[in-house]
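Contents: one structure, followed by commentary.
Residue numbers (our numbering): 8 to 374.
Below is the structure:
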(Lines of atoms letter the chains of each structure in order from A and count residues from 1; the text may use other names and numbers.)
(Lines give C-alpha, C1' and ligand atoms only; values in the text may rest on other atoms or scores of the structure.)
Protein backbone atom coordinates (compact mmCIF):
# COMPACT_ATOMS: atom_id res chain seq x y z
CA UNK A 1 0.00 0.00 0.00
CA UNK A 2 1.23 3.48 -0.88
CA UNK A 3 1.41 5.70 2.21
CA UNK A 4 2.66 8.92 0.61
CA UNK A 5 2.73 9.99 -3.02
CA UNK A 6 4.09 13.04 -4.83
CA UNK A 7 2.76 13.57 -8.37
CA UNK A 8 4.67 16.02 -10.56
CA UNK A 9 5.32 18.18 -7.50
CA UNK A 10 6.76 21.62 -8.20
CA UNK A 11 7.60 24.54 -5.94
CA UNK A 12 8.90 27.96 -6.91
CA UNK A 13 9.72 31.07 -4.95
CA UNK A 14 9.46 33.80 -7.55
CA UNK A 15 11.88 32.88 -10.34
CA UNK A 16 13.68 30.30 -8.19
CA UNK A 17 12.49 26.76 -8.94
CA UNK A 18 13.06 24.60 -5.85
CA UNK A 19 11.21 21.43 -6.95
CA UNK A 20 10.99 20.50 -10.62
CA UNK A 21 8.33 17.86 -11.08
CA UNK A 22 8.97 15.32 -8.31
CA UNK A 23 7.32 11.90 -8.66
CA UNK A 24 7.68 9.66 -5.62
CA UNK A 25 5.80 6.76 -4.03
CA UNK A 26 6.55 5.77 -0.42
CA UNK A 27 5.21 2.45 0.81
CA UNK A 28 3.34 1.86 4.07
CA UNK A 29 5.85 1.12 6.84
CA UNK A 30 8.86 2.17 4.77
CA UNK A 31 11.79 4.21 6.08
CA UNK A 32 12.66 6.53 3.21
CA UNK A 33 15.53 9.02 3.37
CA UNK A 34 15.67 12.20 1.27
CA UNK A 35 19.32 13.18 1.03
CA UNK A 36 21.24 15.78 -0.91
CA UNK A 37 23.24 19.01 -0.66
CA UNK A 38 21.87 22.25 0.76
CA UNK A 39 19.24 23.82 -1.47
CA UNK A 40 18.33 20.63 -3.34
CA UNK A 41 14.67 20.74 -2.23
CA UNK A 42 14.58 17.95 0.35
CA UNK A 43 13.32 20.03 3.31
CA UNK A 44 10.86 21.87 1.05
CA UNK A 45 9.42 18.49 0.01
CA UNK A 46 8.96 17.56 3.66
CA UNK A 47 7.35 20.89 4.56
CA UNK A 48 4.90 20.57 1.66
CA UNK A 49 3.97 17.08 2.87
CA UNK A 50 3.44 18.43 6.40
CA UNK A 51 1.30 21.31 5.10
CA UNK A 52 3.79 23.99 6.15
CA UNK A 53 4.35 25.03 2.51
CA UNK A 54 1.97 25.08 -0.44
CA UNK A 55 2.69 23.51 -3.81
CA UNK A 56 3.13 25.54 -6.97
CA UNK A 57 1.70 22.61 -8.94
CA UNK A 58 1.26 18.88 -8.59
CA UNK A 59 -0.45 16.70 -6.01
CA UNK A 60 0.38 15.34 -2.56
CA UNK A 61 -1.50 12.20 -1.50
CA UNK A 62 -1.47 10.58 1.95
CA UNK A 63 -3.01 7.10 2.11
CA UNK A 64 -4.79 7.71 -1.18
CA UNK A 65 -6.27 11.09 -0.23
CA UNK A 66 -5.23 14.34 -1.91
CA UNK A 67 -4.14 16.68 0.89
CA UNK A 68 -2.98 19.81 -0.96
CA UNK A 69 -5.54 21.99 0.79
CA UNK A 70 -5.91 19.92 3.97
CA UNK A 71 -5.01 21.60 7.26
CA UNK A 72 -1.69 20.32 8.71
CA UNK A 73 -3.43 19.20 11.92
CA UNK A 74 -5.63 16.82 9.92
CA UNK A 75 -2.89 15.07 7.95
CA UNK A 76 -2.14 12.39 10.57
CA UNK A 77 1.56 13.33 10.59
CA UNK A 78 4.10 13.70 13.39
CA UNK A 79 7.09 15.92 12.68
CA UNK A 80 10.47 16.11 14.43
CA UNK A 81 12.49 19.26 13.77
CA UNK A 82 16.20 20.04 13.87
CA UNK A 83 15.65 22.65 16.60
CA UNK A 84 13.71 20.33 19.00
CA UNK A 85 11.11 23.13 19.42
CA UNK A 86 10.54 22.42 23.12
CA UNK A 87 8.72 24.85 25.39
CA UNK A 88 11.30 26.02 27.98
CA UNK A 89 8.72 26.71 30.72
CA UNK A 90 7.18 23.21 30.52
CA UNK A 91 8.68 20.03 31.89
CA UNK A 92 9.28 16.97 29.71
CA UNK A 93 5.89 15.43 30.53
CA UNK A 94 3.98 18.59 29.58
CA UNK A 95 6.07 19.12 26.43
CA UNK A 96 5.13 15.63 25.28
CA UNK A 97 1.49 16.11 26.32
CA UNK A 98 1.07 19.59 24.81
CA UNK A 99 -0.37 18.55 21.45
CA UNK A 100 -2.75 16.10 23.09
CA UNK A 101 -4.06 18.78 25.46
CA UNK A 102 -4.73 21.06 22.48
CA UNK A 103 -6.84 18.25 21.03
CA UNK A 104 -8.68 17.91 24.35
CA UNK A 105 -7.49 14.35 24.92
CA UNK A 106 -8.49 13.01 28.34
CA UNK A 107 -5.96 13.16 31.18
CA UNK A 108 -5.97 9.38 31.55
CA UNK A 109 -5.18 8.80 27.88
CA UNK A 110 -2.49 11.49 27.95
CA UNK A 111 -0.85 9.79 30.91
CA UNK A 112 -1.02 6.41 29.20
CA UNK A 113 0.49 7.69 25.94
CA UNK A 114 3.22 9.81 27.54
CA UNK A 115 4.21 7.03 29.93
CA UNK A 116 4.42 4.49 27.12
CA UNK A 117 6.46 6.82 24.87
CA UNK A 118 8.81 7.65 27.75
CA UNK A 119 9.39 3.94 28.36
CA UNK A 120 10.13 3.33 24.68
CA UNK A 121 12.63 6.21 24.61
CA UNK A 122 14.10 5.46 28.05
CA UNK A 123 13.34 8.93 29.43
CA UNK A 124 10.92 7.99 32.24
CA UNK A 125 13.25 9.48 34.87
CA UNK A 126 13.35 12.80 32.97
CA UNK A 127 9.62 13.52 32.86
CA UNK A 128 9.70 16.27 35.52
CA UNK A 129 12.80 18.04 34.23
CA UNK A 130 12.79 21.26 32.21
CA UNK A 131 14.49 21.36 28.77
CA UNK A 132 17.40 23.44 30.11
CA UNK A 133 18.30 20.52 32.40
CA UNK A 134 18.63 18.08 29.49
CA UNK A 135 21.50 17.17 27.18
CA UNK A 136 21.14 17.49 23.41
CA UNK A 137 20.43 13.79 23.04
CA UNK A 138 17.80 13.88 25.78
CA UNK A 139 16.08 16.87 24.18
CA UNK A 140 15.96 15.02 20.89
CA UNK A 141 14.34 12.04 22.60
CA UNK A 142 11.71 14.36 24.07
CA UNK A 143 11.03 15.76 20.59
CA UNK A 144 10.63 12.18 19.34
CA UNK A 145 8.32 11.42 22.25
CA UNK A 146 6.11 14.38 21.43
CA UNK A 147 5.65 12.98 17.93
CA UNK A 148 5.07 9.41 19.16
CA UNK A 149 2.25 10.32 21.58
CA UNK A 150 0.19 11.66 18.69
CA UNK A 151 0.22 8.14 17.20
CA UNK A 152 0.53 9.39 13.62
CA UNK A 153 0.63 7.02 10.65
CA UNK A 154 3.52 8.97 9.10
CA UNK A 155 6.58 10.42 10.87
CA UNK A 156 8.61 13.23 9.29
CA UNK A 157 12.17 14.02 10.40
CA UNK A 158 13.81 17.25 9.21
CA UNK A 159 17.57 16.93 9.91
CA UNK A 160 16.89 16.00 13.56
CA UNK A 161 20.48 15.11 14.42
CA UNK A 162 22.30 18.10 12.93
CA UNK A 163 22.80 19.83 16.30
CA UNK A 164 24.34 16.77 18.01
CA UNK A 165 28.00 15.84 18.24
CA UNK A 166 29.32 12.85 16.29
CA UNK A 167 28.96 10.36 19.16
CA UNK A 168 25.37 11.35 19.92
CA UNK A 169 24.46 11.34 16.22
CA UNK A 170 25.62 7.74 16.02
CA UNK A 171 23.60 6.77 19.09
CA UNK A 172 20.45 8.54 17.90
CA UNK A 173 20.69 6.96 14.43
CA UNK A 174 20.39 3.59 16.14
CA UNK A 175 17.56 4.82 18.41
CA UNK A 176 15.48 6.09 15.49
CA UNK A 177 16.03 2.91 13.50
CA UNK A 178 15.00 0.81 16.50
CA UNK A 179 11.94 3.02 16.91
CA UNK A 180 10.97 2.29 13.30
CA UNK A 181 11.34 -1.45 13.85
CA UNK A 182 9.22 -1.24 17.00
CA UNK A 183 6.41 0.98 15.69
CA UNK A 184 6.36 -0.05 12.03
CA UNK A 185 5.13 3.38 10.91
CA UNK A 186 6.04 5.07 7.66
CA UNK A 187 9.03 7.36 8.27
CA UNK A 188 10.44 10.00 5.94
CA UNK A 189 13.80 11.40 6.99
CA UNK A 190 15.62 14.40 5.54
CA UNK A 191 19.39 14.78 5.89
CA UNK A 192 22.43 16.15 4.08
CA UNK A 193 24.57 13.39 5.63
CA UNK A 194 25.06 10.40 3.33
CA UNK A 195 26.18 8.24 6.27
CA UNK A 196 22.80 8.77 7.95
CA UNK A 197 21.07 7.98 4.67
CA UNK A 198 23.01 4.77 4.05
CA UNK A 199 22.67 3.42 7.59
CA UNK A 200 19.01 4.28 8.20
CA UNK A 201 16.98 4.08 5.01
CA UNK A 202 15.15 1.14 3.45
CA UNK A 203 15.42 3.25 0.31
CA UNK A 204 17.22 6.50 -0.42
CA UNK A 205 16.15 9.30 -2.75
CA UNK A 206 19.15 11.41 -3.71
CA UNK A 207 18.06 14.92 -4.63
CA UNK A 208 19.98 17.56 -6.54
CA UNK A 209 18.76 20.83 -8.02
CA UNK A 210 15.08 20.09 -7.41
CA UNK A 211 14.99 16.61 -8.94
CA UNK A 212 15.50 13.05 -7.71
CA UNK A 213 18.72 11.76 -9.24
CA UNK A 214 18.23 8.17 -8.05
CA UNK A 215 15.82 6.20 -5.88
CA UNK A 216 17.19 2.88 -4.65
CA UNK A 217 18.20 0.75 -1.68
CA UNK A 218 21.47 1.72 0.03
CA UNK A 219 23.25 -1.33 -1.43
CA UNK A 220 22.09 -0.63 -4.98
CA UNK A 221 22.92 3.06 -4.64
CA UNK A 222 26.47 2.19 -3.58
CA UNK A 223 27.02 -0.55 -6.15
CA UNK A 224 25.27 0.98 -9.17
CA UNK A 225 25.12 4.79 -9.01
CA UNK A 226 23.28 6.09 -12.07
CA UNK A 227 25.57 9.07 -12.64
CA UNK A 228 28.68 10.83 -11.37
CA UNK A 229 26.72 13.02 -8.94
CA UNK A 230 25.30 10.02 -7.10
CA UNK A 231 28.62 8.16 -7.29
CA UNK A 232 30.46 11.09 -5.75
CA UNK A 233 27.84 11.81 -3.11
CA UNK A 234 27.62 8.28 -1.72
CA UNK A 235 30.68 6.82 -0.04
CA UNK A 236 33.36 8.08 2.34
CA UNK A 237 35.97 9.01 1.23
CA UNK A 238 34.53 10.12 -2.09
CA UNK A 239 34.99 8.01 -5.20
CA UNK A 240 38.09 8.74 -7.31
CA UNK A 241 37.16 10.12 -10.75
CA UNK A 242 39.52 10.00 -13.75
CA UNK A 243 38.60 11.55 -17.10
CA UNK A 244 40.04 9.67 -20.04
CA UNK A 245 39.49 7.56 -23.11
CA UNK A 246 38.90 3.90 -23.95
CA UNK A 247 41.20 2.32 -26.54
CA UNK A 248 39.97 -0.98 -27.86
CA UNK A 249 40.79 -3.43 -30.65
CA UNK A 250 40.73 -7.18 -31.19
CA UNK A 251 43.90 -7.66 -29.14
CA UNK A 252 43.57 -5.29 -26.22
CA UNK A 253 41.42 -2.83 -24.31
CA UNK A 254 42.63 -0.18 -21.93
CA UNK A 255 41.70 3.10 -20.28
CA UNK A 256 44.07 6.06 -20.60
CA UNK A 257 44.16 9.35 -18.70
CA UNK A 258 47.31 11.33 -19.43
CA UNK A 259 50.17 8.93 -18.75
CA UNK A 260 47.96 6.73 -16.56
CA UNK A 261 47.00 3.49 -18.28
CA UNK A 262 44.76 0.72 -16.95
CA UNK A 263 44.54 -2.61 -18.77
CA UNK A 264 40.87 -3.58 -19.13
CA UNK A 265 41.33 -7.20 -20.17
CA UNK A 266 40.27 -8.39 -16.68
CA UNK A 267 37.18 -6.17 -16.83
CA UNK A 268 34.13 -8.29 -17.62
CA UNK A 269 32.03 -5.61 -19.38
CA UNK A 270 34.40 -4.60 -22.18
CA UNK A 271 31.63 -5.12 -24.72
CA UNK A 272 29.97 -1.94 -23.43
CA UNK A 273 32.78 0.23 -24.80
CA UNK A 274 33.65 1.64 -28.19
CA UNK A 275 37.14 2.50 -29.35
CA UNK A 276 38.15 6.09 -28.50
CA UNK A 277 35.09 6.53 -26.30
CA UNK A 278 35.51 9.39 -23.83
CA UNK A 279 34.62 8.26 -20.34
CA UNK A 280 34.99 8.98 -16.64
CA UNK A 281 36.41 6.09 -14.62
CA UNK A 282 35.21 5.87 -11.03
CA UNK A 283 37.14 3.87 -8.41
CA UNK A 284 36.14 3.81 -4.78
CA UNK A 285 39.05 4.09 -2.30
CA UNK A 286 38.10 0.73 -0.78
CA UNK A 287 38.58 -0.93 -4.20
CA UNK A 288 42.24 0.12 -4.40
CA UNK A 289 44.70 -2.20 -2.65
CA UNK A 290 48.32 -2.28 -1.60
CA UNK A 291 49.31 -5.36 -3.64
CA UNK A 292 51.24 -6.81 -0.69
CA UNK A 293 48.19 -6.73 1.57
CA UNK A 294 45.29 -7.44 -0.80
CA UNK A 295 42.65 -10.12 -0.10
CA UNK A 296 43.24 -13.43 -1.83
CA UNK A 297 40.18 -13.04 -4.05
CA UNK A 298 41.59 -9.87 -5.64
CA UNK A 299 43.68 -10.60 -8.73
CA UNK A 300 47.32 -9.55 -8.39
CA UNK A 301 47.63 -9.12 -12.18
CA UNK A 302 48.49 -5.76 -13.73
CA UNK A 303 49.86 -3.96 -10.65
CA UNK A 304 50.61 -0.26 -11.05
CA UNK A 305 53.44 1.75 -9.50
CA UNK A 306 52.35 4.45 -7.07
CA UNK A 307 54.02 6.96 -4.77
CA UNK A 308 52.54 7.44 -1.31
CA UNK A 309 52.24 11.18 -0.64
CA UNK A 310 50.33 11.15 2.64
CA UNK A 311 48.87 8.60 5.06
CA UNK A 312 45.90 9.15 7.39
CA UNK A 313 45.61 6.40 10.06
CA UNK A 314 42.00 5.51 10.91
CA UNK A 315 42.60 2.64 13.32
CA UNK A 316 41.55 -0.49 11.45
CA UNK A 317 42.18 1.24 8.10
CA UNK A 318 44.44 3.89 6.63
CA UNK A 319 43.77 6.43 3.92
CA UNK A 320 46.67 6.55 1.50
CA UNK A 321 46.94 9.54 -0.83
CA UNK A 322 48.71 8.27 -3.93
CA UNK A 323 50.23 9.54 -7.15
CA UNK A 324 50.01 6.93 -9.90
CA UNK A 325 51.57 8.07 -13.19
CA UNK A 326 49.84 11.41 -13.84
CA UNK A 327 46.81 10.98 -11.56
CA UNK A 328 46.02 11.40 -7.87
CA UNK A 329 44.16 8.60 -6.10
CA UNK A 330 42.96 7.94 -2.57
CA UNK A 331 43.08 4.33 -1.37
CA UNK A 332 41.54 2.91 1.77
CA UNK A 333 43.96 0.19 2.89
CA UNK A 334 43.66 -2.25 5.76
CA UNK A 335 45.58 -1.24 8.87
CA UNK A 336 48.16 -3.99 8.31
CA UNK A 337 49.45 -2.16 5.23
CA UNK A 338 52.96 -0.88 5.89
CA UNK A 339 52.58 2.04 3.46
CA UNK A 340 54.13 5.28 4.70
CA UNK A 341 54.52 8.73 3.19
CA UNK A 342 57.36 8.68 0.67
CA UNK A 343 57.08 4.95 -0.08
CA UNK A 344 56.86 3.51 -3.56
CA UNK A 345 54.32 0.70 -3.68
CA UNK A 346 52.37 -1.35 -6.18
CA UNK A 347 48.60 -1.04 -6.23
CA UNK A 348 45.86 -3.19 -7.72
CA UNK A 349 42.15 -2.62 -8.30
CA UNK A 350 39.03 -4.67 -7.77
CA UNK A 351 37.94 -4.88 -11.40
CA UNK A 352 34.48 -6.12 -10.42
CA UNK A 353 33.76 -2.75 -8.83
CA UNK A 354 35.02 -0.32 -11.47
CA UNK A 355 32.48 2.29 -12.56
CA UNK A 356 32.40 3.93 -15.99
CA UNK A 357 30.38 7.01 -16.93
CA UNK A 358 29.90 8.80 -20.22
CA UNK A 359 32.04 11.93 -20.21
CA UNK A 360 29.41 14.19 -21.78
CA UNK A 361 26.21 12.97 -20.09
CA UNK A 362 27.84 11.82 -16.81
CA UNK A 363 25.51 8.78 -16.93
CA UNK A 364 26.56 5.25 -16.01
CA UNK A 365 27.73 3.14 -18.95
CA UNK A 366 28.13 -0.35 -17.51
CA UNK A 367 26.18 -2.55 -15.16
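Idealized CB from N, CA, C, for every residue including glycine. Keep in mind that this is a model prediction, so the values were computed, not measured.
* Mapping DSSP to helix, strand and coil, what is residue 298? -> helix
* Take every Cβ of the segment 31-47, pair it with every Cβ of the segment 196-210, and state whether three or more of those distances are shorter than 8 Å. => yes
* Same chain, Cβ closer than 6 Å to residue 358, neighbours up to 5 away in sequence not counted -> Sequence-distant partners of residue 358 (beyond 5 residues in either direction) whose C-beta falls short of 6 Å from its own C-beta, in its chain, are 273, 274.
* **residue 62 versus residue 368: straight-line alpha-carbon distance, rounded** => 30 Å
* Contact belief for residue 48 with residue 26 at Cβ below 8 Å, rounded distance in angstroms -> 5 Å
* Asked: For residue 355 versus residue 298, is the C-beta distance shorter than 9 Å?
  -> yes
* Opposing strand residues paired with residue 352 [DSSP bridges] -> 313
* Asked: Sorted by chain position, which residues of the same chain lie with C-beta nearer than 8 Å to residue 159's C-beta, five sequence neighbours on each side aside?
  -> 83, 84, 85, 192
* Asked: Counting Cβ pairs closer than 8 Å, one from the segment 162-174 and one from the segment 86-95, do we hit at least three?
  -> With a cut-off of 8 Å, the segment 86-95 and the segment 162-174 count as touching, because enough Cβ pairs lie within range.
* **Stretch pair the segment 205-219 + the segment 331-348: three plus CB contacts closer than 8 Å** => no
* Asked: For residue 222, which residues does DSSP report across the bridge?
  -> Answer is 212, bridged to residue 222.
* Which runs of the beta strand (DSSP E), 3 residues or longer, sit entirely within the segment 91-124? -> none
* Asked: Which residues in the same chain as residue 129 place their Cβ atom closer than 8 Å to its Cβ, once the five residues preceding and following it in sequence are excluded?
  -> 148
* Output the boundary residues of the alpha helix (DSSP H) element that contains residue 52. => 49-57
* Cα separation between residue 366 and residue 289? -> For residue 366 and residue 289, the gap between their C-alpha atoms comes out near 11 Å.
* Just checking, does the segment 242-259 make contact with the segment 275-295 on the three C-beta pairs under 8 Å criterion? -> yes
* In angstroms, rounded to a whole number, what distance separates the CA positions of residue 177 and residue 141? -> 18 Å
* To do: Assign residue 22 to one of three DSSP states: helix, strand, or coil.
  => coil
* **Cα-Cα separation between residue 179 and residue 144, rounded to whole angstroms** => 7 Å
* If we ignore side chains and look at the alpha-carbon of each, how far apart do residue 230 and residue 113 end up? -> 51 Å
* For residue 65, collect the residues of the same chain with a Cβ closer than 6 Å to its Cβ; drop the 5 residues on either side in sequence, then sort them by chain order. => 14, 15, 16, 17
* To do: Using 10 angstroms around the beta-carbon of residue 173, count the other beta-carbons present and answer buried if the total reaches 16, otherwise exposed.
  => exposed
* Please look up how many angstroms separate the CB atoms of residue 99 and residue 124, rounded, as I've assumed it's under 8 Å. => At roughly 11 Å, the Cβ-Cβ gap does not stay under 8 Å, so residue 99 and residue 124 are not in contact.
* Report yes if the CB atom of residue 309 is closer than 9 Å to the CB atom of residue 269, and no otherwise. => yes
* To do: Would you kindly check if the distance between the Cβ of residue 9 and the Cβ of residue 35 is under 9 Å?
  => Here residue 35 is near residue 9, since their CB atoms are less than 9 Å apart.
* residue 198: buried (16+ other C-beta within 10 angstroms of its C-beta) or exposed? -> buried
* Alpha-carbon spacing of residue 104 relative to residue 93, whole angstroms -> 11 Å
* Below 7 Å CB to CB, which residues in the same chain sit around residue 256 once its five sequence neighbours on both sides are set aside? => Shown here for residue 256: same chain residues with a beta carbon closer than 7 Å to its own, the five before and five after excluded, namely 282 in chain order.
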